[in-house]
Amino acid sequence: MQTAIVIPCYNEANRLSVDTFSNFIHNNFDIVFCFVNDGSTDNTTQVLEEIHQHHTQRTMILDLAQNSGKAEAVRAGVCHVLDTQKFDLVGFWDADLATPLSEITNFIHIVKQSRNIKFVLGTRLKRLGANVERIWYRHYLSRVFATFISILLRMPVYDSQCGAKLFTTDIAQQIFAQKFFSKWFFDVELIFRAKVINMNIFYEHPLEEWIHRGESKLKLKDFLFAPLELLKLYWHYRVNKNDQNTN
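Following this line, the structure appears as structure tokens:
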């Protein structure tokens with residue numbers, strides 16, 4: 001399956017690993033990377049150009065003039081690859097590679113195994129046999145967060161916020177077509193959008209490895225506003241759904 005993976009990058013010069021991407025590209029011929037430079041002010045551009053120079057056929061660089069945030073950077077990247085050439089699958093991955101690139105092939109295998117699965121979510125499930133390293137207080141806050149999301153979605157979602165997701169092209173074209181209503185919780189919004197299409201297309205994949213790297217852009221104080229933001233998101237899609245049902 002031809003697969004495109006979008007990597008949103010904002011001031012990632014110190015975390016982007018040229019060697020790691022190069023080694024993976026050499027061994028996986030059906031995967032293309034689209035790096036979205038989201039108005040970086042450091043040397044991210046130079047690092048991306050170095051990767052691209054070595055792999056011109058397997059990498060793309062999309063430069064955004066101004067920082068637009070991860071949500072719109074991901075959306076811009078997905079729309080760009082879908083307009084550029086035909087792919088069977090498209091996804092996005094965090095630039096710090098907290099989720100290793102090797103997991104991409106696991107995600108692809110899951111979709112290959114079932115025609116019904118069209119949306120794969122990485123899940124940071126700490127368990128025996130897996131190398132999942134999370135800061136303890138973020139882990140417990142995320143469990144409360146995930147429970148609240150599951151109630152709103154009426155779906156047993158374990159980890160909506162992991163920065164590793166993969167979609168079939170037909171689903172990606174629909175759920176990334178419009179700008180996001182939510183800035184911080186666009187991952188949840190993607191699930192809302194996809195659920196309207198078909199709630200039986202999801203698969204949560206427990207990652208074999210996930211290692212916390214550096215500071216998260218989502219601060220602890222942001223968790224205080226999370227319930228209100230999620231309720232706004234829920235209400236937005238509930239109202240839109242009701243409007244569609246009356247037309």
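With our numbering applied, the sequence shown corresponds to residues 1 to 247, in that order. For glycine and all other residues, C-beta sits at the position ideal for the given N, C-alpha and C. Source: prediction; values computed, not measured.
Return helix, strand or coil for residue i, following the three-state DSSP convention.
i: A146; result: helix
i: N28; result: coil
i: L128; result: coil
i: T168; result: strand
i: W235; result: helix
i: Y140; result: helix
i: P8; result: strand
i: L207; result: coil
i: L97; result: coil
i: T3; result: strand
i: F33; result: strand
Thinking just about the alpha-carbon of each residue, which of the options is nearest to the one in residue i?
i: F167; options: L121, R134, V196 and R143; result: L121
i: N67; options: V18, P8 and F145; result: P8
i: K70; options: N116, Y234, A164 and K86; result: A164
i: R143; options: L128, S160, F225 and V196; result: S160
Let me confirm a value: residue i is counted as buried when at least 16 other C-beta atoms fall within 10 Å, else exposed. Which label applies?
i: R124; result: buried
i: V18; result: exposed
i: L62; result: buried
i: D187; result: buried
i: G77; result: buried
Can you tell me the Cα-Cα spacing of residue i and residue j, whole angstroms?
i: A177; j: C79; result: 8 Å
i: H205; j: T84; result: 28 Å
i: R238; j: K232; result: 10 Å
i: S327; j: P156; result: For residue 327 there is no data in the structure shown, the boundaries of the chain being 1 and 247.
i: N116; j: H109; result: 13 Å
i: L207; j: G39; result: 30 Å
i: F192; j: L153; result: 7 Å
i: V111; j: L89; result: 9 Å
i: T20; j: A98; result: 12 Å
Which residues does DSSP pair with residue i in a beta bridge?
i: V78; result: Answer by DSSP bridge pairing: none, since V78 is not bridged.
i: L121; result: K165 and E204
i: E49; result: Answer by DSSP bridge pairing: none, since E49 is not bridged.
i: D38; result: L64
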